[in-house]
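**Q** Handing you this structure, nothing more for now.
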Amino acid sequence: MMKRVIRAVALLFACIGFARQAEAQEMTLAMLSSKYNLPQGQETYNRACGVCHDNGVMNAPKVCNVADWQPRMAQGMQALINHAIDGINTMPAKGGMESLTLAQCSDAVAYMMSLCDITVAKK
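In terms of mature numbering (1 follows the signal peptide of the UniProt record, and there is no 0), the sequence shown is residues -24 to -1, 1 to 99.
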């Protein structure tokens, strides 16, 4: 009987641990809203990002197209921010607006993710 109780308690702790680990690995809309300035991100997006990401210009992943974003989201938020800052493939650094700050780029990425309540890996 005692072995069953110990196993049940161990299983309970394992389940709690897995749930917390999964929770810690994803950035939800609420987390994006609390960590980033989404209104500022919208402004930056409209000035620098939307030209390409609204329509998939130069193979830019379209906003809210989960198939476009799935592999990118798996890389984590920091990787997405780094891509925005440094550029990637045909995307120029900072969307071609060199005056953008780290915060503005970060907020723009968060804003894009928030549009469709896309969950991003924390990494």
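The beta carbon of each residue, even a glycine, is placed where N, CA and C say it ideally should be.
1. Going straight from the alpha carbon of HIS65 to that of ALA6, what length do you get?
2. Can you find at least 3 beta carbon pairs, one from the stretch 75 to 86 and one from the stretch 35 to 42, that sit closer than 8 Å?
3. Quick check on MET49: does DSSP put it in helix, strand or coil?
4. Mind checking which residues open and close the alpha helix (DSSP H) that includes GLU19?
5. Counting only runs of 4+ residues fully inside the stretch 68 to 98, write out the alpha helix (DSSP H) ranges in chain order.
6. For GLY26, which three-state DSSP category applies?
7. Give me, in chain order, the residues of the same chain whose beta-carbon lies closer than 8 Å to that of GLY72; leave out the 5 immediate sequence neighbours on both sides.
8. Out of GLN54, PRO15, GLU19 and HIS29, which one is the CA nearest neighbour of VAL96?
9. Relative to the C-alpha of LEU76, which candidate in LYS11, GLN51, GLN16 and MET89 has its C-alpha closest?
**A** Reading from the atomic positions:
1. The residue given as residue 65 occupies position 89 in the sequence shown. The residue given as residue 6 occupies position 30 in the sequence shown. Checking the sequence shown, residue 65 turns out to be Asn, not His. When rounded, the distance between both Cα atoms is 30 Å.
2. no
3. Position 73 of the sequence shown, counted from the start, is the residue given in the question as residue 49. Looking at MET49 - three-state DSSP - the assignment turns out to be helix.
4. Numbered from its first residue, the sequence shown carries residue 19 at position 43. That run of the alpha helix (DSSP H) goes 14 to 20.
5. 78 to 91
6. Your numbering for residue 26 matches position 50 in the sequence shown. Three-state DSSP puts GLY26 in a helix.
7. Along the sequence shown, read from residue 1 onward, the residue named residue 72 stands at position 96. Excluding residues within five positions, the ones whose Cβ falls inside 8 Å are ALA24.
8. Along the sequence shown, read from residue 1 onward, the residue named residue 96 stands at position 120. Ranking the options by Cα distance to VAL96, first place goes to GLN54.
9. For this step, residue 76 is matched to residue 100 along the sequence shown. That would be GLN16, whose Cα lies nearest to the Cα of LEU76.
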